[in-house]
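Enquirer:
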Amino acid sequence: MPAATPDGGHASLCPPYSPPRRSRFALPHGSLAWRVFAIQAVVLVLIAAFLAWVAGNVIANITRLNINTGFSFLSRPAGFEIAQKLIAFGENASYFDVFVIALINTVVLTAIAILFATLLGFVIGLARLSSNPLVAGVAAAYVEIVRNVPLLLQLFYWYFAVLRPLPGPRQSLNFFDIAFLNKRGLFVPYPVFEPGFGVLLATIAVMVLVGIVLAWMNQRHRMRTGTGLHSVRAIALLLLIPPLLVAWLTGFPLSWDVPALSGFNFSGGMTVIPEFVAMAIALSLYGAAYIAEIVRSGIRAVPAGQIDAARAVGLRRGAINRFIVIPLALRVMLPPLGTQYIVLLKNSSLAAAIAYPDLMLVFAGTVLNQTGQPFEVMLVTMASYALIGLAIGAAINLLNRRVQLVER
Amino acid sequence: MKILLAAAFAALVCTSAHAATLDTIKQRGTVNCGTAPNLPGFAYTDDKNVRRGFDVDLCRALAAAVLGDADKVQLSPLNLRDGFATLTTGGVDVLTHRLTWTYNRDNGTGLDYVLTIYYDGQGFMVPKAMNVKSVNDLKGASICVAQGSTTELNIADYFRSRKMDYRIVTFQDLDEARNAYDQGRCDAWTNDRSALAARGLQLKNRDAHVILPEIISKEPIGPLVRQNDSQWAHIVRWTLFALIAAEELGVTQANVEEMKKSEVPEIKRLLGIGDDLGQKNGLSADWAYQAISRSEITARSSSAISARRRGSA
Chain A
4 MPAATPDGGH
14 ASLCPPYSPP
24 RRSRFALPHG
34 SLAWRVFAIQ
44 AVVLVLIAAF
54 LAWVAGNVIA
64 NITRLNINTG
74 FSFLSRPAGF
84 EIAQKLIAFG
94 ENASYFDVFV
104 IALINTVVLT
114 AIAILFATLL
124 GFVIGLARLS
134 SNPLVAGVAA
144 AYVEIVRNVP
154 LLLQLFYWYF
164 AVLRPLPGPR
174 QSLNFFDIAF
184 LNKRGLFVPY
194 PVFEPGFGVL
204 LATIAVMVLV
214 GIVLAWMNQR
224 HRMRTGTGLH
234 SVRAIALLLL
244 IPPLLVAWLT
254 GFPLSWDVPA
264 LSGFNFSGGM
274 TVIPEFVAMA
284 IALSLYGAAY
294 IAEIVRSGIR
304 AVPAGQIDAA
314 RAVGLRRGAI
324 NRFIVIPLAL
334 RVMLPPLGTQ
344 YIVLLKNSSL
354 AAAIAYPDLM
364 LVFAGTVLNQ
374 TGQPFEVMLV
384 TMASYALIGL
394 AIGAAINLLN
404 RRVQLVER
Chain B
48 MKILLAAAFA
58 ALVCTSAHAA
68 TLDTIKQRGT
78 VNCGTAPNLP
88 GFAYTDDKNV
98 RRGFDVDLCR
108 ALAAAVLGDA
118 DKVQLSPLNL
128 RDGFATLTTG
138 GVDVLTHRLT
148 WTYNRDNGTG
158 LDYVLTIYYD
168 GQGFMVPKAM
178 NVKSVNDLKG
188 ASICVAQGST
198 TELNIADYFR
208 SRKMDYRIVT
218 FQDLDEARNA
228 YDQGRCDAWT
238 NDRSALAARG
248 LQLKNRDAHV
258 ILPEIISKEP
268 IGPLVRQNDS
278 QWAHIVRWTL
288 FALIAAEELG
298 VTQANVEEMK
308 KSEVPEIKRL
318 LGIGDDLGQK
328 NGLSADWAYQ
338 AISRSEITAR
348 SSSAISARRR
358 GSA
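Sequence lines, in order, name chains A and B. Just so you know, we're using our numbering here: the first sequence kicks off at 4 and counts up by one. Just so you know, we're using our numbering here: the second sequence kicks off at 48 and counts up by one.
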C-alpha cells in the first residue's frame, strides 16, 4: 500500500507528480485547512444567529413595552446650560448640538492630557534610567505611587487641591489687570476678530507658504552645491512686510475682550474652569507614570552592542541618543504608547465625577436623564469613544509604519 | 461559554418579559426595589448597616403586603442613570426612588408612575454672608447642581425667562455638588429642597447657609413600575393608599392589634375583617394589615416628613 501524501493523492500511482490545483475556495476535503475553515464557518454562523436572536428579542421587548426608539430626539431642543462651551450654543440648541459640544470637550481634554503626559512621561522615563540614584529613586517612587492609586481618587484630590488655595472672586489674583485667577476659574482675554481679519490671515498664510518653498529650495541648493542661497535671509525678512502692510491698512482687525469684575464674577474674556485644570493635571500625571515605563522599556530594549558600536565610531553622547537610541527605542515604544493614549481617552470619561462637562457627564448623563432613551444615548456614546480611540490607533499605526521603514 | 451566556440572557429577558410581576415575586420570595443610594431621610444605611428611610420603608410595606414579611426585600441602591434601565430589564420590580414624574419619563419609556407620594420643589442655598435675599439676586452667579432629570432644565428655564445669566457647574453626585459648594466653587447650590435640607446637614457650618424662599419647580415624586402589568401597578398603588388610609384612621403599627377589634366599618374593611379585598389582586385578605403591622412605615415616616419640613422652613 503506497503512502498517502497529505493532499490525498497516491504518489507512486501518478508519476510525474503535479501539484494539486488549489483555488482559495476549493479546499481539499479532509485537509487541515478545510477543517479550520469549517470550524470557523460554524462558529461564525452561531455568532450571527446569536446576535440575530438577541436583536430580535430586544426589538420584540421594546415594542411590547411601548418604548420610544430612534434618534429623532437628537433634533429636539435640549434647553439646559453647559459649563464649558468651545463653540457657540444658543437657547434653541438641540440635543445634537449638546452632543457636539460634549464631544469637543472630551477631545480637547484628551489631547491636552496626551500632550503633557507624553512630555512628562519622557522626562520621568529618562530620569528613572539616570545614573544619579536620587533622580532615579524619585522617578521610581513617582511611577509606583501614581500607578497604584486609583485615578478617581487622584481626580478628587486634584480637584479639591486646585480649589482650596484659590481665592474667591473678589480677592482674585490679578495678572496686570488682564488675567485673573480665582475659585471660579482662570479668566483670560479672548481675541475678537473684526472685519478684515480674514484678509490678514490669508496674507500670513500665503507668506508662510512662500517661506516653506524658499526653505525647500535653499535645502536643495545646499545639497547640490554645498552652500545655501545667500539671499534667503534677506528674502525671508521681506516676507514680513505684506502682513504688516495689510494689518495697517485694515486698522489692526484684532482686539481683545478683557475680563472685568461685575456682580458675582468676571464677565467677558475666556474662562478656563477649574474642573478642566484638575482633570488635565490628574490625567497628565497619571498617564505620565505609565508612559515613563514605556519610555524606560523602549530605551532598555536598545541592544548595548549598538551603543558600543556607535561609541567605537566616535559618536558623542548626544549624537548616540539622537541617531541610535531614540530611533531604535521609538520602534519599541510606539505601539504601547498608542494603547496608552487610548487608555487616557477612556479614563477621561471619569471627568463626570468632578463636573467637567465631557461626553459622559453631559450626553450620557443629562441628555439620557432628560430624554429617557438610554439605549440610543449609550450607543452614540460608545460609538463616539470607539471612533476616537480607533482614530488615535490609526494615527499611531501610521507613525509606526514610518518609523519601521527605517529598518533595512 | 456562549451557550451559558445565551441561556443567562434568555432567562433575564424571559422572566422580565413574560411572567406577571406578582407571580415572579411570589416565586422568588422577595420584592426587589430600587432606591436612592444615599439620601438621609429617604434611603440611607444606618450605623448598624441597615438600610433605612422613607423609600426603604415603602419597599418593606410592599413586601409585607405581598409576602407577609417586611424583611423579604432586596434593595438595590441605584443612581438616576441606572434606575430606569434596571427597572425596564427586570432587575427590580419597583423604583421607590426620588424620581420626579415628568412627561418624558412617563411616556415612551415603557414605565409607569403609580402615584405621587409627596411634592418636592427645587430651591437654592446660599451662604448667609452673601446677603442674597432672593433667587432673582443671583444674576451672573455660579451655581453648583447635581444631575437630575429636571434639575438643570429648571434652572435654565427660570434664569432664561428672567434674562439672567449664570454659570452652571453640574456634578453627577449630590455629595460632590455639596462639597464643591462648601469649598466656595459656587455662589449657590440648587437641588430639590428635601435634598438641600438632608444633604446640607453635612456642610462644614450648616448655620452659615440659608435656603432662599423661592421654589422654582414642582416635583411630584412617587414609585415607578413597568408598563403593561396593571395588576402589579394596582398592588403598589393600593398598598400606598391603604397606608395613607391607615394614617388617616389612626391605625399604626403599635395599635393595629387593638384596631382589629374596632367596630368602625372602614377600619374593618382596611384590615380585611369580614371582607376579602385582597383576592382581586392575588393577595391575601389581610394584605393591608400585614403592610401596617409588619412594616414600620407608620411609625417611622415622621423622620422623613420632618426632613421635608426643614427643607421648606
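Backbone N, C-alpha and C define an ideal beta-carbon position, used for all residues, glycine too.
Name the chain B residues that come within less than 7 Å of A:Q373, Cβ to Cβ?
Expert: Indexing the first sequence from 1 puts residue 373 of chain A at position 370. In chain order: N151, S196, L200.
Enquirer: Which stretch, first to last residue, makes up the beta strand (DSSP E) that contains B:M172?
Expert: Your numbering for residue 172 of chain B matches position 125 in the second sequence. B:M172 -> beta strand (DSSP E) spans 169-174.
Enquirer: Against chain D, which members of the segment 230-244 of chain B pass a CB distance test of less than 7 Å?
Expert: Looking for chain D here will not work: the only protein chains present are A and B.
Enquirer: For B:V216 and chain A, any beta-carbon pair shorter than 8 Å?
Expert: Position 169 of the second sequence holds residue 216 of chain B. Answer yes: the Cβ-Cβ gap between B:V216 and chain A drops below 8 Å somewhere.
Enquirer: Run through DSSP, which three-state label would A:R236 get?
Expert: As a first step, residue 236 of chain A is located in the first sequence; it is residue number 233 there, counting from the start. Collapsing the DSSP output to three states places A:R236 in a helix.
Enquirer: In whole angstroms, what is the alpha-carbon distance linking B:N79 and B:T71?
Expert: Against the second sequence, residue 79 of chain B aligns to sequence position 32. Against the second sequence, residue 71 of chain B aligns to sequence position 24. Computed Cα separation, rounded: 10 Å.
Enquirer: Let's test the definition: count the other Cβ atoms within 10 Å of the Cβ of B:S277 and tell me whether it reaches 16, buried, or not, exposed.
Expert: Along the second sequence, read from residue 1 onward, the residue named residue 277 of chain B stands at position 230. B:S277 is exposed by the Cβ-count criterion.
Enquirer: Using the Cβ count rule (16 or more neighbours within 10 Å means buried), how would you classify B:F206?
Expert: Counting from one through the second sequence, the residue named residue 206 of chain B turns up at place 159. So B:F206 counts as buried.
Enquirer: Where does the unbroken alpha helix (DSSP H) through B:D104 begin, and where does it stop?
Expert: Numbered from its first residue, the second sequence carries residue 104 of chain B at position 57. Run containing B:D104: 101-114, per the alpha helix (DSSP H) assignment.
Enquirer: Please state whether the Cβ-Cβ distance between A:M282 and A:L112 is less than 8 Å.
Expert: On the first sequence, residue 282 of chain A is found 279 positions in, with the first residue counted as 1. On the first sequence, residue 112 of chain A is found 109 positions in, with the first residue counted as 1. Yes, they are a contact pair.
Enquirer: Applying the criterion that 16 or more other CB atoms from any shown protein chain within 10 Å of the CB defines a buried residue, is A:E147 buried or exposed?
Expert: Looking up residue 147 of chain A in the first sequence gives position 144. Burial call: exposed.
Enquirer: Give the interface partners of B:N275 over in chain A, defined as CB-CB distance under 9 Å, in chain order.
Expert: Numbered from its first residue, the second sequence carries residue 275 of chain B at position 228. By Cβ distance, chain A contributes R67, L68, N69.
Enquirer: Could you tell me the boundaries of the alpha helix (DSSP H) in which A:Q43 lies?
Expert: The residue you call residue 43 of chain A lines up with position 40 of the first sequence. Segment 35-67, the alpha helix (DSSP H) holding A:Q43.
Enquirer: When you compare each of A:G188, A:F163, A:W161 to A:P172 by their alpha carbons, which one comes out closest?
Expert: Reading the first sequence from its first residue, position 169 is the one you call residue 172 of chain A. For A:P172, the nearest C-alpha among the options comes from A:G188.
Enquirer: Measuring CA to CA, which of A:V191, A:P245, A:R223, A:I276 is closest to A:A208?
Expert: Taking the first residue of the first sequence as 1, we reach residue 208 of chain A at position 205. Comparing alpha-carbon positions, the option among A:V191, A:P245, A:R223, A:I276 lying closest to A:A208 turns out to be A:P245.
Enquirer: Assign B:D333 to one of two classes, buried (16 or more other C-beta atoms within 10 Å of its C-beta) or exposed (fewer than that).
Expert: Reading the second sequence from its first residue, position 286 is the one you call residue 333 of chain B. Buried, because 16 or more other Cβ atoms sit within 10 Å of the Cβ of B:D333.
Enquirer: For A:L402 and A:I115, I'd like the C-alpha separation in whole angstroms.
Expert: Translated into the one-based positions of the first sequence, residue 402 of chain A becomes position 399. Translated into the one-based positions of the first sequence, residue 115 of chain A becomes position 112. Rounded to the nearest angstrom, the two C-alpha atoms are 19 Å apart.
Enquirer: Give the list of continuous beta strand (DSSP E) stretches no shorter than 3 residues that lie fully inside the segment 121-167 of chain B.
Expert: 158-160, 165-167
Enquirer: Who pairs with B:I190 in a beta bridge, going by DSSP?
Expert: Here residue 190 of chain B corresponds to residue number 143 of the second sequence, with the count starting at 1. B:I215, B:A235.
Enquirer: Along chain A, in chain order, which residues have C-beta atoms closer than 8 Å to that of B:L127?
Expert: Here residue 127 of chain B refers to the residue found at position 80 when the second sequence is read from its first residue. Near B:L127 (Cβ distances below 8 Å), the residues of chain A are N372.
Enquirer: At what residue ranges does the segment 234-289 of chain A contain a whole run of the beta strand (DSSP E), taking only runs of 3 or more?
Expert: 257-260, 263-265, 268-270, 273-275
Enquirer: Just the chain A side, please: which residues come within less than 8 Å of B:S342 by C-beta, in chain order?
Expert: The residue labelled residue 342 of chain B in the question sits at position 295 within the second sequence. What B:S342 touches in chain A: nothing, since even the nearest Cβ is about 30 Å away.
Enquirer: How long is the line joining the alpha carbons of B:S63 and B:A293, rounded to whole angstroms?
Expert: Within the second sequence, numbered from 1, the residue matching residue 63 of chain B stands at position 16. Within the second sequence, numbered from 1, the residue matching residue 293 of chain B stands at position 246. In this prediction, B:S63 has a pLDDT of 45, which is less than 50 and means its spatial position is unreliable; nothing more can be read from the coordinates.
Enquirer: Would you mind sorting B:R356 into buried or exposed? The rule is 16 or more other CB atoms within 10 Å of its CB.
Expert: For the purposes of this step, residue 356 of chain B is taken as residue 309 along the second sequence, with counting starting at 1. Legend: pLDDT at B:R356 = 42, less than 50; position of this residue unreliable, no value from coordinates given.
Enquirer: Considering only residues of the same chain and omitting the five flanking positions on each side of B:H65, which have a CB-CB separation below 8 Å?
Expert: Residue numbering aside, residue 65 of chain B sits at position 18 when the second sequence is read from its first letter. Low confidence applies here, because B:H65 scores a pLDDT of 49, under 50, leaving its location unreliable; read the following figure in that light. Nothing meets the Cβ criterion.
Enquirer: If you draw a straight line from the C-alpha of B:D234 to the C-alpha of A:L156, how long is it?
Expert: Looking up residue 234 of chain B in the second sequence gives position 187. Looking up residue 156 of chain A in the first sequence gives position 153. B:D234 and A:L156 have their C-alpha atoms some 25 Å from each other.
Enquirer: Buried or exposed for B:L114, going by 16 or more other Cβ atoms inside 10 Å?
Expert: For the purposes of this step, residue 114 of chain B is taken as residue 67 along the second sequence, with counting starting at 1. Result: buried.
Enquirer: Since B:G81 is in the alpha helix (DSSP H), which residue starts that stretch and which ends it?
Expert: As a working note, residue 81 of chain B is residue 34 in the second sequence. Premise fails: B:G81 lies in the beta strand (DSSP E), 78-82, not in any alpha helix (DSSP H).
Enquirer: For chain A, check one thing: does any of its Cβ atoms lie closer than 8 Å to the Cβ of B:F131?
Expert: Counted from its first residue, the second sequence places residue 131 of chain B at position 84. Closer than 8 Å to some Cβ of chain A, the Cβ of B:F131 qualifies, so yes.
Enquirer: In this structure, does DSSP put A:P192 in helix, strand or coil?
Expert: By one-based count along the first sequence, residue 192 of chain A stands at place 189. Under the three-state reduction of DSSP, A:P192 is assigned to coil, being neither helix nor strand.
Enquirer: Over what stretch of residues does the beta strand (DSSP E) that includes B:I268 continue unbroken?
Expert: On the second sequence, residue 268 of chain B is found 221 positions in, with the first residue counted as 1. Here the beta strand (DSSP E) through B:I268 covers 266-268.
Enquirer: When you check each C-beta in the segment 363-393 of chain A against every C-beta of chain B, which residues fall closer than 7 Å?
Expert: When C-beta distances to chain B are compared with 7 Å, the residues of the segment 363-393 of chain A below that value are L364, G368, T369, L371, N372, Q373, T374, G375, P377, in chain order.
Enquirer: Give me the chain A residues within the contact set of B:K186, using Cβ-Cβ distance strictly less than 8 Å, ordered along the chain.
Expert: The residue labelled residue 186 of chain B in the question sits at position 139 within the second sequence. Simply G266, F267.
Enquirer: Measure from the alpha carbon of A:I395 to the alpha carbon of each residue in A:A358, A:F378, A:L347, then state which is nearest.
Expert: Looking up residue 395 of chain A in the first sequence gives position 392. Here the closest residue by C-alpha is A:L347.
Enquirer: Using 8 Å for Cβ pairs, my map puts A:Q343 next to A:G392. What's the rounded Cβ distance?
Expert: Looking up residue 343 of chain A in the first sequence gives position 340. Looking up residue 392 of chain A in the first sequence gives position 389. Contact doesn't hold; Cβ gap of about 12 Å is too wide.
Enquirer: Less than 6 Å between C-beta atoms, sequence neighbours within five positions excluded: which residues of the same chain meet that for A:S352?
Expert: One-based indexing of the first sequence puts residue 352 of chain A at position 349. Cβ within range, chain order: M363.
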